[in-house]
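For reference, the structure is listed below as structure tokens.
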Amino acid sequence: AQSVAQPEDQVNVAEGNPLTVKCTYSVSGNPYLFWYVQYPNRGLQFLLKYITGDNLVKGSYGFEAEFNKSQTSFHLKKPSALVSDSALYFCAVRDMATNAGKSTFGDGTTLTVKP
Amino acid sequence: EAQVTQNPRYLITVTGKKLTVTCSQNMNHEYMSWYRQDPGLGLRQIYYSMNVEVTDKGDVPEGYKVSRKEKRNFPLILESPSPNQTSLYFCASSLKARIYEQYFGPGTRLTVT
Chain F
1 AQSVAQPEDQ
11 VNVAEGNPLT
21 VKCTYSVSGN
31 PYLFWYVQYP
41 NRGLQFLLKY
51 ITGDNLVKGS
61 YGFEAEFNKS
71 QTSFHLKKPS
81 ALVSDSALYF
91 CAVRDMATNA
101 GKSTFGDGTT
111 LTVKP
Chain X
1001 EAQVTQNPRY
1011 LITVTGKKLT
1021 VTCSQNMNHE
1031 YMSWYRQDPG
1041 LGLRQIYYSM
1051 NVEVTDKGDV
1061 PEGYKVSRKE
1071 KRNFPLILES
1081 PSPNQTSLYF
1091 CASSLKARIY
1101 EQYFGPGTRL
1111 TVT
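Taken in sequence, the protein lines are chains F and X. So for the first sequence, our numbering puts the first residue at 1; every next one is plus one. So for the second sequence, our numbering puts the first residue at 1001; every next one is plus one.
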């Protein structure tokens, strides 16, 4: 079975400060890891992915994420937060070795960036 | 415009009255999926389809049916809705080769009384 944990329901940062949204995962095979963002009253938008290769992946809107196999983590980061980054963020995993079609999402983390 | 559309966007119904939520994509995507979003539970996958005539259960398939007769459409059917199916539903699609990059519809907010 695969699972994702987002340990923080809420993350608050000041504009201009770095932000981190945490995610840990569990899969039996090699993970494909993703981050999605949901703005109020909207569907989810794809931000970035890790499949293989460099542990630091870059995505949309200046976001990046670091894959750490030993800690089974895939934390989302941004060097300088914007008020417009305030949204709900979801981490997700697929186990491409056993079932590529099945997606497991975390419970979501609400990011609030204050001016 | 490339998009995933869902209808209706809002629906209030009563227990036991069959309903269908439609999902359609215009991107020629092989993969389609349904999720429900509930506070504190994140997104949970209901069903998915890797291609026409191929469907599989996600994590929470009980009480739902799907069909994939055409590539562009993936309707979600609730044969006998119950109040615990009150939720926000999202349809998503992607290319099979880029299954990691799903495009989500705008959501359908369903209330079952």
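The C-beta atom is built at its ideal place from N, Cα and C for all residues, glycine as well. For clarity, every value in this text was computed on a predicted model and none was experimentally measured.
- Query: Run through DSSP, which three-state label would residue 94(F) get?
  - Reply: Numbered from 1 along the first sequence, position 94 holds the residue referred to as residue 94(F). Strand.
- Taking the alpha-carbon positions, what's the residue 66(F) to residue 58(F) distance? Taking the first residue of the first sequence as 1, we reach residue 66(F) at position 66. Taking the first residue of the first sequence as 1, we reach residue 58(F) at position 58. Going by the C-alpha atoms only, they are around 9 Å apart.
- Message: Once the 5 residues before and after residue 49(F) are set aside, which same chain residues still bring their CB inside 6 Å of it?
- Response: One-based indexing of the first sequence puts residue 49(F) at position 49. For residue 49(F), where only same-chain residues beyond five positions count, the Cβ hits under 6 Å are 34.
- Item | Residues bridged to residue 89(F) (per DSSP) | Taking the first sequence and counting its residues from 1, one reaches residue 89(F) at position 89. Looking at the DSSP assignment, residue 89(F) forms a beta bridge with 37(F), 109(F).
- Item | Sub-7 Å separation of residue 89(F) and residue 56(F) beta-carbons | Position 89 of the first sequence, counting from 1, holds the residue named residue 89(F). Position 56 of the first sequence, counting from 1, holds the residue named residue 56(F). Cβ atoms of residue 89(F) and residue 56(F): not closer than 7 Å.
- Message: Can you tell me which residues form a DSSP beta bridge with residue 1032(X)?
- Response: Counting from 1 along the second sequence, the entry for residue 1032(X) is found at position 32. Paired residue(s): 1049(X), 1093(X).
- Around the C-beta of residue 92(F), are 16 or more other C-beta atoms found within 10 angstroms, so that it is buried, or is it exposed? As a position in the first sequence, residue 92(F) is number 92, starting the count at 1. Result: buried.
- Item | Rounded separation between residue 1078(X) and residue 80(F) - CA only | As a first step, residue 1078(X) must be located in the second sequence, where it is residue number 78. As a first step, residue 80(F) must be located in the first sequence, where it is residue number 80. Rounded to whole angstroms, residue 1078(X) to residue 80(F) spans 45 Å at the Cα level.
- Message: I believe residue 1100(X) touches residue 51(F) by the beta-carbon criterion, under 8 Å. Please report the beta-carbon distance rounded to the nearest angstrom.
- Response: Here residue 1100(X) refers to the residue found at position 100 when the second sequence is read from its first residue. Here residue 51(F) refers to the residue found at position 51 when the first sequence is read from its first residue. Residue 1100(X) to residue 51(F), Cβ: 7 Å. Contact.
- Return the chain-ordered list of same chain residues with a C-beta closer than 6 Å to the C-beta of residue 16(F), the five sequence neighbours on each side being excluded. Reading the first sequence from its first residue, position 16 is the one you call residue 16(F). Once the five neighbours on either side are set aside, the close Cβ partners of residue 16(F) are 80.
- With DSSP collapsed to three states, give me the class of residue 1084(X). Position 84 of the second sequence holds residue 1084(X). Note: residue 1084(X) maps to helix in three-state DSSP.
- Terminal residues of the beta strand (DSSP E) in which residue 1024(X) lies: Position 24 of the second sequence, counting from 1, holds the residue named residue 1024(X). Unbroken beta strand (DSSP E) run through residue 1024(X): 1019–1025.
- Message: Within the continuous beta strand (DSSP E) that includes residue 81(F), where are the two ends?
- Response: Working through the first sequence from its first residue, we reach residue 81(F) at position 81. First-last for residue 81(F): undefined, no H or E at that position.
- Query: Under three-state DSSP, which class holds residue 1098(X)?
  - Reply: Along the second sequence, one-based indexing puts residue 1098(X) at 98. Residue state, collapsed to three classes: helix.
- Listing by chain order, which chain X residues have their CB less than 8 Å from the CB of residue 44(F)? In the first sequence, counting from the first residue as 1, residue 44(F) sits at position 44. Here the neighbours are 1043, 1090, 1092, 1102, 1104.
- Message: Among the candidates 1084(X), 1004(X), 1102(X), 1021(X), whose CA atom is the shortest distance from the CA of residue 1076(X)?
- Response: Here residue 1076(X) corresponds to residue number 76 of the second sequence, with the count starting at 1. Nearest option by C-alpha distance: 1021(X).
- Task: Please determine if the region 17–32 of chain F and the region 1081–1096 of chain X are in contact, where contact requires at least 3 C-beta pairs separated by less than 8 Å.
- Result: no
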